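Q: Mind having a look at this structure? Questions to follow.
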Amino acid sequence: MKYVVVTGGVLSGLGKGVTVSSIGRLLISRGYKVTAIKIDPYLNCDAGTMNPFQHGEVFVLDDGGEVDLDLGNYERFLDINLTRNHNITTGKVYRAVVEKERRGDYLGKTVQIIPHVTNEIKSQIKNVAESSNADVVLIELGGTVGDIESMPFLEAVRQLRMEVGPEENLVFVHTTLVPVMDVVGEQKTKPTQHSVKELRAIGIQPDIIVGRGAKPLDYDIKKKISLFCNVPLEGIVSAPDAESIYQVPVLLEEQGLTDHLLRRLGLKQRKTDLKKWKALLKPLLNPKHETRIAIVGKYTHLQDSYISYIETLRHCSAATNTKINITWVEAEDIEKNGCDCLKNANGIIIPGGFGERGIEGKISAIKYARENRIPFLGVCLGFQLATIEFCRNVLKMRDANSSEFKKTVHPVIDLLPEQKEIKNMGATMRLGAHDVIIKKGSLAHKIYNKTKISERHRHRYEINPDYIKKIENAGMIFSGKSADGKRMEIAELKNNQFFVASQFHPEFKSRPGKPAPLFLGLVKAAKKK
Ligand code: GLN
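Residue numbers are given in the numbering used here: position 9 of the sequence shown equals residue 89, and the series is strictly consecutive.
Written out as structure tokens, the structure is:
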């Protein structure tokens, strides 16, 4: 088992996740099996409770794990399915240590950060590594070197290096920022030198340095970093801003990173197979067609909150040779100024979300899409609101609503009876992959070309069974249902317009080369507009 540990210096938000994912893709391109672990040095046990406004999207895995959005990048770049154990947080580690202490596992010893917490970190890493059967395990350490929170993790990976046998079994990659002075345009290496110094002070010497910046690193700058940071020149790699993140593996490969990494890991050099990957890039960089999709949400100022939507649309771009211009619309702006901002949209998406803010704006947008026959896709909350809109405006149930937002005489979206009995709200959430049975002959059937699919979920409320008949009789049918038939999963209109919505989140399973079918359907319909 080989490890590649990626740390970050100077600033957060340098795109470390993309670097890690790209390295993974490159190893796969040489025929190696790869998995990835993300370490988040915060005290939350998982990302489930975190506000997307602060932290970006909460990504959901097959097993229902609510994890950091970087795991979404890993899954997309590596085309693998991860589990909740692939996201290690300080909260998870401390919880395990405290539980062991309470059980008496430490036999009366004083429980300390070193060795007890660091041992727990290493054992969680090794467990995931061993069960993954991978040749190489990538470990991304979130945060920035020098943060108090990261210290136990850095110490743990330093120890890991000693434990995994010969030096070649673990490679340290450090990603840093190489800023440019505006006036003279000179690339500055001092921040990199300092963060490497910080790493070395805790006993970690990086083997590879990835320098982020707007432009590629000049040769002299690479040489300077090599000299001052004690890293051979072939280990200094430049990661300039790219038009598409899917270009990054190619940019790194061109600098010989994979050859160097394999040498350093003591792995055989094999022929590179990046053909398929590059084929995807072509339509992304030079698309033939163009379309406009509006996303009406409530976290539109932080686009990381919708990262899987953006990536899924990119996968659709590549598949349809179409440039997709995304217009971000704040739902509350529609409440104030109406739907004029949707006039130019060829397609409309209402994404998932929690809480009442903005829902009336989203409902107006859905009405606009339905009445003007603009291709529409609703996801999760978007599915629930599409049902509410239909009940209000077609069935004339003016106070139709979700009991998440209001007590009403028409709770068309509600908790199922069995959920109402559960006292712990946390336990009522439906998470992860579940089967959906699709009705033959429906639009959903045409899109998926299957009658049974598996998609990922993250929701609490459901279509209220008392209203299903009435809604279906009026022309909105539920063409996808849970295997037991109790939960409605896909809604569509019977009138031949592209209007679909799903209770599940198709965007969590979309991959380059395998775009989520419902999104692809939307983009194709939008393209025709
Ligand atoms: N708030 C809704 C629910 O809990 C929808 C959740 C979502 O969109 N992810 O059911």
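Note that CB positions come from ideal geometry on N, CA and C, so glycine has one too. Keep in mind it's a predicted model, so treat the numbers as computed, not measured.
Counting pairs of Cβ atoms below 8 Å between the segment 481-501 and the segment 450-460, do you hit three or more?
A: no
Q: Does the Cβ of G128 lie closer than 7 Å to at least one heavy atom of ligand 1?
A: no
Q: Note down the Cα distance separating N576 from N124, rounded to an integer number of angstroms.
A: The straight-line gap separating the alpha-carbon atoms of N576 and N124 is approximately 46 Å.
Q: Within the same chain, show all residues whose beta-carbon is closer than 7 Å to that of A425, passing over the 5 residues directly before and after it, in chain order.
A: R372, I373, A374, T407 and I454
Q: CB-CB under 6 Å to E181, same chain, minus the five flanking residues each way: which ones, in chain order?
A: V191
Q: If I follow the unbroken alpha helix (DSSP H) through R156, where does it start and stop?
A: D150 to L158
Q: Look at the alpha carbon of E498 and the alpha carbon of A507, and state the distance between them as a whole number of angstroms.
A: If you draw a straight line from the Cα of E498 to the Cα of A507, it comes to about 12 Å.
Q: Determine the closest residue to N481 out of I518, G89, K442 and N452, with distance taken between C-alpha atoms.
A: K442
Q: With three or more C-beta pairs closer than 8 Å as the rule, is the segment 585-604 touching the segment 392-404?
A: In this structure the segment 392-404 lies against the segment 585-604, because at least three pairs of beta carbons, one per stretch, are closer than 8 Å.
Q: So what's N167 in DSSP terms, helix, strand or just coil?
A: strand
Q: Compare the C-alpha of I289 against each of V85, E451, F463 and I325 and name the closest.
A: V85
Q: Would the beta-carbon of L461 be found less than 7 Å away from any heavy atom of ligand 1?
A: yes
Q: Pick helix, strand or coil for V173, following the three-state DSSP scheme.
A: helix
Q: Tell me whether H539, by its Cβ, gets closer than 7 Å to a heavy atom of ligand 3.
A: As far as ligands go, the structure on display features ligand 1 and does not contain ligand 3.
Q: Could you check what DSSP says for G560 in three-state terms: helix, strand or coil?
A: strand
Q: Between the Cα of K277 and the Cα atoms of E572, Y299, C309 and K304, which residue gives the shortest distance?
A: C309
Q: With DSSP as the reference, label S203 as helix, strand or coil.
A: In the structure shown, S203 falls within a helical segment according to DSSP collapsed to helix, strand and coil.
Q: How many Å lie between F252 and R343 at the Cα?
A: 14 Å
Q: Taking the alpha helix (DSSP H) that Y448 falls in, what are its first and last residues?
A: I439 to E451
Q: Locate the alpha helix (DSSP H) running through N553, then write down its first and last residues.
A: I548 to N553
Q: Assuming G136 and L511 are in contact, meaning their beta carbons sit under 8 Å apart, how far apart are those beta carbons, in whole angstroms?
A: Not confirmed; about 18 Å, so no contact.
Q: Roughly how far, in whole angstroms, is the beta-carbon of S318 from the beta-carbon of G291, given that I think they are within contact range, below 8 Å?
A: 5 Å
Q: Less than 8 Å separating the beta-carbons of I430 and A445?
A: yes
Q: How many angstroms separate the CA atom of I404 from the CA atom of E542?
A: 31 Å
Q: Just the C-alpha distance for I439 and K172, rounded to the nearest angstrom, thanks.
A: Answer to the nearest angstrom: the Cα atoms are 34 Å apart.
Q: For the alpha helix (DSSP H) containing N417, name the first residue and the last one.
A: A411 to N417
Q: Just to confirm, are V114 and A214 a CB contact at a threshold of 8 Å?
A: A distance below 8 Å separates the beta carbons of V114 and A214.
Q: Within 10 Å of its beta-carbon, does E243 have 16 or more other beta-carbons around it, so buried, or fewer, so exposed?
A: exposed
Q: Measure the C-alpha to C-alpha separation of I108 and S212 and round it to an integer number of angstroms.
A: 15 Å
Q: Secondary structure at T115, three-state DSSP: helix, strand or coil?
A: strand
Q: Using a 10 Å radius around the Cβ and a threshold of 16 neighbouring Cβ atoms, would you call T129 buried or exposed?
A: With fewer than 16 other Cβ atoms inside 10 Å of its own Cβ, T129 counts as exposed.
Q: From this set, I282, K607, D142 and G104, which residue's C-alpha is nearest D227's C-alpha?
A: I282
Q: Among the residues of its own chain, which have a CB less than 7 Å from the CB of V208, if the five just before and after it don't count?
A: I117, N165 and H166
Q: Is Q464 near ligand 1 - that is, is its Cβ less than 7 Å away from at least one heavy atom of it?
A: For ligand 1, at least one heavy atom lies less than 7 Å from the Cβ of Q464.
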